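These protein sequences, in sequence, are chains A and B.
Numbering (the numbering used here) for the first sequence: 1 to 623.
Numbering (the numbering used here) for the second sequence: 1001 to 1307.
Every residue, glycine too, gets a C-beta built ideally from N, C-alpha and C.
For clarity, every value in this text was computed on a predicted model and none was experimentally measured.
The structure appears right after this line, and notes come after that.
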Amino acid sequence: MKNNSFRIGLTIAFILLSGWFLYPTVQDYFYSKKLREFSSPEDSLSFVKENRKSIDAAQEKRLKLGLDLQGGMHVVLEVDVLELLELKARNRDAAFDSTLAAVRARAERENEKIPVLLAQAFKQQGIRLSRYFYDLRDSDDEIVEKLNKEAEEAVNRAKEIIRNRVDQFGVAEPTILTKGGRRIIVELPGVSDKERVRKLLKGTAKLEFKLVRDPELALKTLSDINKYLARQYRLSDTTLAKDSLALARADSLAALPDSLKSQEQLKKENPLFAIADTDDGIIIDPRSGALFVTETAKPKVFAMLNRADVRERFGDLQFLPDARPFQNDAGENVYRLYPLKREAELEGGVIVDARATFSIDGSRPEVNMKMNDEGTRKWARITGANIDKQIAIVLDGTVFSAPVVKSKIPNGSSVINGLASAEEARDLEIVLKAGALPAPVRIVEERTVGASLGEDSIRAGLYSVLAGFFVVAIFMILYYRAAGFIADFALVFNVLFVIAFLAGFSATLTLPGIAGLVLTIGMAVDANVLIFERVREEFAKGKMLKLAIEIGYDKAFSAIFDSHVTTFGAAALLYTFGIGPIQGFAVTLMIGIAASLFTAIVITKISFDWMLERDKVSIVSFG
Amino acid sequence: MRFLEKANFDFIGKRKLAYYISLTVLTIGLASIIVRGFQLGIDFKGGTEVVIGFARPIDISKIRSTIYGEGFSGQIKEYGSPREIILTTDFKGDLNELQATLTRILTRDFKDNPHEILRIDSVGPSIADDLRSSAISALLGALAMILLYVGIRFEFKFAAAGVLAIFHDVLIVAGLFSLLGGVFSVMPLEVDQSTIAAFLTIVGYSITDTVVVYDRIRENIKIRRNEPYEKIFNDSLNETLSRTIITATTTLLTVIMLFIFAGPTIRGFAFAIGMGILIGTYSSIFVAAPLVLDWQLRTGSKLKLRG
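Put into structure tokens, the structure is as follows:
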């Protein structure tokens, strides 16, 4: 029995450890139950105040439920490193744009770092990176290294900014981590307003103050571009391009006054503008010279305006749309198009505080912003120099408002209006306070589970654990009688240990994790089956009960050990390569396998010895 | 209670027949995988899945006409129960628009049957690629690890035959997924991350079963030096038979409980593991050990077992 006192000690130690691991979970359950029972908010508030420390501690250490069980969002964001590099590059030309597009397509498929891909793509064309980045004397490798570093910093900064936003939005226990070179994983338990969260995560929040240029200048530039585009299309028109005479004819036809041309002809010659009643281009208000574009024409128009060769012809001009469309008489969404000075007068970095409020008459939501000293000085100078002119407030490439400057603004304050709702104002406050992302981010993966589905899954999981346990337990008793009962007794500890160690390792319990637990129940008794079958064999050979049990345990051990190691290895690999819920499955399986090695061998052995000692003769039967 | 206690089946003698059966099933499975391929889930294909629950059972054709009428492309199917549907469509960066449109048209057309978006899963193509390569690495890694471990603990022939048996089991289950993919509405049998988890569980289960048989063979070879290998192998299979069957039974019982209670997301997973257990049990008797024996008989040297 010397051996057994060690085994018993070990078992007690494990049970105590499990209790220690599970205590916060139980505590947390009772706290939240108590909080629900309070009738008045004051009572519950004072209760929370009194017990803050232990409530927080319990919450931190309790068994955490995965997003699939408690509802919430799992979002993977990809930082657009390419866009960052694009903004950084100087002397961008058509070759640069086309290479960038090619790299973008490749980056979708591959995990290599973007600067490396970019360097490879340029190398193929015999272009050195230093043509666009850093110092002309730098070698490609040096530049790639610098760009990699910058990309990494950008991703980390983006992570911090997103964490700020999430914290301000008010999500309990968010998880935010970076993964690979350019991804950020955001897990938000319990959030229900998916649409708001998506906007909040995705918005770059790049705020700029830009001067609005004269309509005349804008019109002149646009019609130059229009002519240029029309000529380009004529050149690329295969029916014309083959025949230089026809091309010349078309050119001279284009020089005729508009009144002499057919509608079709006009359309061909004005790719950028809307002709007559058609809405497929920029619409010019003849009186004010204001520019508009319909929702349907917007992508086409901006595709033309964003071409590298077209951009060159803008000078310092830039065209940006309204943030929010209005409806025209036909009920279609129309955006105003603002001609802006490309260079921003002031950027969002100077904003130190933002506050969502309502306009003075209390009807429209708006956001008040406060600038730092430097920003205040600049803003005073800018507004002073541009009295009676329009300054556009641009957020993420769309114009929120373009108020006319009435007087110099000395106190560094500014207002964003033109917001749809108080909620939008509040979200804008959050993103402005948290700062702009260094590069745009895209959502590349999202998994959202509603709260009610989570509850259903918890119930489903609980039923399957109970059902799984009982069918196995009953089967074992039917088949092995008393020995089966002992195996079941050990199985209880197995389930307990798995749950306790999950909490102790601060792993999360997911629905696949519960499936892993159920499966563990089925497989954990395997060790006992192996042992019991051996014991039966030894009985059959005529061995005495006690000896048969000893030999049974002894002989079964090598098979149990080898099979556990291999299964554990498979689960460990699953953990390494899987994500989210699947990792949860792998973790429960691993803990379950390790625990069953202990419960099915040690705990059952103690039980047998104890029973054998009580009654010298056998009450132990093996069915 | 006990059964199969004094089992004495001639497994080894029937091994040629078993090989033929296995080869036939494998060929059918492989043919289906090559011809039909798999119904890939969005994990590996990329795309968006929206599960919508309604307060009362719903007419799927009416839902279809509403959703397709709004210009959506993709598949709409019943999901586990007549109150739930699943919409599978392409991946788009912005789910806000999709969600807003769905909410608008479903509230408009099914005013008296309120709906709720239960779950949205959206996987971009770059993520899908990552998941696919991770899945393949995990499966290959598991096989390599087992080859190494069993090779060290037993002998190379045993390890190689064990890995072949695993291939056999996983390929047949994969073949089933290919053949039956999309046939049942209660379980779509799409290949996604949880299918890979199921495959790895099958790998673990199958090798466990095989190792138990190997362990007995190892023991018997040591004790019964002068008997022919055929007899030792066959006796070992018979001696471990009741354990093999009982463990398969308890594990199958829990898998059946999972299939019944754990909801539609787990169903395909439970089906895969259940099939894996059945096939793994068969292969540990008829494939793994017989392959070692045949290999052994061909080379003719004595088995030198470690452990």
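Item: Status (buried if at least 16 other CB within 10 Å, exposed otherwise) for valine 293 (chain A); Value: buried
Item: Chain-ordered residues of the stretch 186 to 199 of chain A with a beta carbon less than 8 Å from chain B; Value: Lys194, Glu195, Arg198 and Lys199
Item: Distance CB(proline 115 (chain A))-CB(leucine 147 (chain A)) smaller than 8 Å; Value: yes
Item: Cutoff 8 Å: methionine 523 (chain A) Cβ touching any chain B Cβ; Value: yes
Item: Assumed close pair valine 405 (chain A), glutamate 366 (chain A) - CB separation to whole angstroms, cut-off 8 Å; Value: Not quite, the Cβ-Cβ distance comes to about 17 Å (not below 8 Å), so this is no contact.
Item: Partners in chain A for alanine 1100 (chain B), counting only beta-carbon separations shorter than 9 Å; Value: Glu195
Item: Valine 565 (chain A), DSSP secondary structure in three states; Value: helix
Item: Bridge partners - phenylalanine 292 (chain A), DSSP secondary structure assignment; Value: A:Ile283 and A:Arg336
Item: Cβ neighbour criterion (16 or more within 10 Å) applied to methionine 1 (chain A); Value: Note on methionine 1 (chain A): pLDDT 48, under 50, position unreliable in the model; no value is reported.
Item: Isoleucine 1086 (chain B): first and last residue of the uninterrupted beta strand (DSSP E) it sits in; Value: 1081 to 1089
Item: Residue interval of the alpha helix (DSSP H) (run including threonine 178 (chain A)); Value: Unbroken run through threonine 178 (chain A) is the beta strand (DSSP E), 175 to 179; no alpha helix (DSSP H).
Item: Contact check, alanine 101 (chain A) vs leucine 117 (chain A), beta carbons under 8 Å; Value: no
Item: Pair within 8 Å by beta-carbon distance, lysine 573 (chain A) and leucine 1200 (chain B); Value: The amino acid at residue 573 (chain A) is misidentified as lysine; the sequence shows leucine. Against a cut-off of 8 Å, the Cβ pair of leucine 1200 (chain B) and leucine 573 (chain A) comes out as a contact.
Item: Spatially closest choice to lysine 88 (chain A) from A:Gln583, A:Glu145, A:Ala330 and A:Phe133, by CA coordinates; Value: A:Phe133
Item: Rounded C-alpha distance that separates leucine 247 (chain A) from alanine 254 (chain A); Value: 11 Å
Item: Where glycine 19 (chain A) falls: helix, strand or coil (DSSP); Value: helix
Item: Alpha-carbon to alpha-carbon, asparagine 333 (chain A) and aspartate 97 (chain A); Value: 31 Å
Item: Within chain A, the residues that proline 1125 (chain B) reaches when beta carbons sit closer than 9 Å; Value: Glu108, Arg109 and Val444
Item: Three-state class that DSSP yields for asparagine 148 (chain A) in the structure shown; Value: helix
Item: Closer than 8 Å to chain A by CB, glycine 1280 (chain B); Value: no
Item: is_contact[methionine 1 (chain A), chain B] using C-beta, thresh 8 Å; Value: Reliability of the predicted coordinates at methionine 1 (chain A) is poor, the pLDDT of 48 falling under 50, and the value obtained from them is presented with this limitation in mind. Answer no: the Cβ-Cβ gap between methionine 1 (chain A) and chain B never drops below 8 Å.
Item: Chain A contact for glycine 1141 (chain B) (CB, 8 Å cutoff); Value: yes
Item: Heavy atom of the ligand GTP within 7 Å of arginine 163 (chain A) beta-carbon; Value: What this structure holds is no ligand at all, so the ligand GTP is not there to describe.
Item: CB contact below 8 Å: threonine 1265 (chain B) versus chain A; Value: yes
Item: CB contact flag (glycine 80 (chain A), valine 587 (chain A), <8 Å); Value: One detail in the question is off: residue 80 (chain A) reads as aspartate in this sequence, not glycine. Cβ atoms of aspartate 80 (chain A) and valine 587 (chain A): not closer than 8 Å.
Item: Identity of the residue in B:Ile1279, B:Arg1002, B:Ala1007 and B:Gly1041 nearest asparagine 1234 (chain B) by Cα; Value: B:Ala1007
Item: Local conformation of methionine 544 (chain A) per DSSP, three classes; Value: coil
Item: Identity of the residues DSSP links to aspartate 1059 (chain B) by a beta bridge; Value: According to DSSP, which records beta bridges pairwise, aspartate 1059 (chain B) is partnered with nothing at all.
Item: Beta bridge counterpart(s) of threonine 398 (chain A) as assigned by DSSP; Value: A:Leu395
Item: For isoleucine 184 (chain A), the first and last residue of its enclosing alpha helix (DSSP H); Value: Taken as a continuous stretch (DSSP letters only), isoleucine 184 (chain A) belongs to no alpha helix (DSSP H), being part of the beta strand (DSSP E) at 183 to 189.
Item: Nearest to proline 325 (chain A) (by Cα), restricted to the options A:Asp316, A:Tyr335 and A:Gln318; Value: A:Tyr335
Item: Segment contact flag, the stretch 1256 to 1264 of chain B with the stretch 1196 to 1210 of chain B, C-beta cutoff 8 Å, min 3 pairs; Value: no
Item: Straight-line Cα distance separating valine 498 (chain A) from arginine 7 (chain A); Value: 19 Å
Item: One or two residues paired with isoleucine 1076 (chain B) in a DSSP bridge; Value: B:Leu1087
Item: Supposed close pair alanine 434 (chain A), isoleucine 185 (chain A) - CB separation, criterion 8 Å; Value: That pair is no contact at about 18 Å.
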